[in-house]
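Undergrad: Starting off with a structure, shown below.
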Amino acid sequence: MRVDVFTLFPEVFEPYLNLSILARARQKGLLEVHLHNIRDWATDRHRTVDDEPYGGGGGMVMKPEPIFAAVEDVLGRPPQVPVILLTPQGRPFTQKVAWEMAQWPHFALIAGRYEGIDERVRQHLVTDELSIGDYVLTGGELPALVVIDAVTRLLPGVLGDPEAPHKDSFSAGLLEHPHYTRPAAFRGWRVPEVLLSGHHAEIARWRRQEALRRTWERRPDLLAHARLSDEDRAFLARLEAQRRAAADARPDADAPSPTPPEEA
Ligand code: ADE
């Protein structure tokens, strides 16, 4: 897979891309990242890439000319590959989107800076916009690295275990089960006995149930789209029943308390 990144801060990328799994993916030729400094396509003496917004107001806006020139020089006019802008206004980047992008042989990422980017870049150059979450960063560099990281680990041959990405949180529609390694007892906290039993079917059942429990507790919204067996549904129904029983056993928090709270 080839990724062309257009940014004002290419130096941000190398240290992360030269580590661990991504470094190995690059060495094996599975990932090729081409970094381009948008400023190299600025044409004036000061190499200007931003300007004041028409209509006034605070903040600076990224000028369209250097971005168009950079992308079209590298990728053709019009570009022959998907051109993705990283922006908080984009479509949410999820594991599902990562799987889609992992099928693409080549795409480009534009990392924005300043208060915004000239709207004509969005309308006439970019094919899609992605957001990595509902918060605002100072630029699209970290989001671009997030996308490259999440997509690369899905490429065949990148992870040692080819099944690993299919077992990740979200890929199966559920959060992952807990993991343990040696020692079996640490500060008196024991690893669940079933994991030491060597009983593979029991271990698989425990993992499935803990994944369901975790998803039910932390991300119940995911359960609506997860593929669930009858046994999974029965387990979730038991969790619900336990929760209701625990709530019924508690004194009603809204009811007037029989004794006034103690004075502090
Ligand atoms: N640029 C700034 N914040 C961002 C976000 N949350 N996602 C993608 N790009 C961004």
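The numbering of the sequence shown is the numbering used here, which starts it at 12 and goes up by one. Backbone N, C-alpha and C define an ideal beta-carbon position, used for all residues, glycine too.
Taking Ile49 as part of the alpha helix (DSSP H), name the residues at either end of that continuous run.
TA: Where Ile49 is concerned, there is no enclosing alpha helix (DSSP H), given that its DSSP letter is neither H nor E.
Undergrad: Do you know whose CA, among Ala109, Gly150, Leu86 and Gly70, lies nearest Val23's CA?
TA: Gly150
Undergrad: Distance, Cα to Cα, Leu233 vs His57?
TA: 50 Å
Undergrad: Between the C-alpha atoms of Asp55 and Val16, what's the straight-line distance to the nearest angstrom?
TA: 23 Å
Undergrad: Report yes if the CB atom of Pro75 is closer than 7 Å to the CB atom of Trp52, and no otherwise.
TA: no
Undergrad: Tell me the DSSP secondary structure of Glu76 in three-state form.
TA: Correct three-state label for Glu76: helix.
Undergrad: Quick check: Leu185 and Thr138, are their CB atoms within less than 7 Å of each other?
TA: no
Undergrad: Give me, in chain order, the residues of the same chain whose beta-carbon lies closer than 6 Å to that of Pro64; leave out the 5 immediate sequence neighbours on both sides.
TA: The beta carbon of Pro64 sits closer than 6 Å to those of Val72, all from its chain and outside the five residues before and after it, given in chain order.
Undergrad: Considering only the beta carbon of each residue, do Glu152 and Thr18 sit closer than 7 Å?
TA: Contact: yes.
Undergrad: I need the DSSP call for Ile6, collapsed to helix, strand or coil.
TA: There is no way to answer for residue 6, as the model of the chain reaches only from 12 to 275.
Undergrad: For Gln100, which residues from the same chain have a beta carbon less than 8 Å from its beta carbon, with the 5 sequence-adjacent residues on both sides left out?
TA: Around Gln100, the same chain offers Glu140 and Ser142 as residues with beta carbons nearer than 8 Å, after the five sequence neighbours per side are excluded.
Undergrad: Inspect the beta-carbon positions of Leu41 and Ala113 and report whether they are closer than 7 Å.
TA: no
Undergrad: Looking at the structure shown, is Val44 part of a helix, part of a strand, or coil, going by DSSP?
TA: strand
Undergrad: Cβ of Gly144 within 6 Å of any heavy atom in the ligand ADE?
TA: yes
Undergrad: How about Gly70: is its Cβ closer than 6 Å to a heavy atom in the ligand ADE?
TA: Checking every heavy atom of the ligand ADE against the Cβ of Gly70, none is found closer than 6 Å.
Undergrad: Check whether the Cβ atoms of Leu28 and Val14 lie closer than 7 Å to each other.
TA: Not in contact: Leu28 and Val14 (Cβ atoms no closer than 7 Å).
Undergrad: What are the start and end residues of the beta strand (DSSP E) that includes His117?
TA: His117 to Ala122
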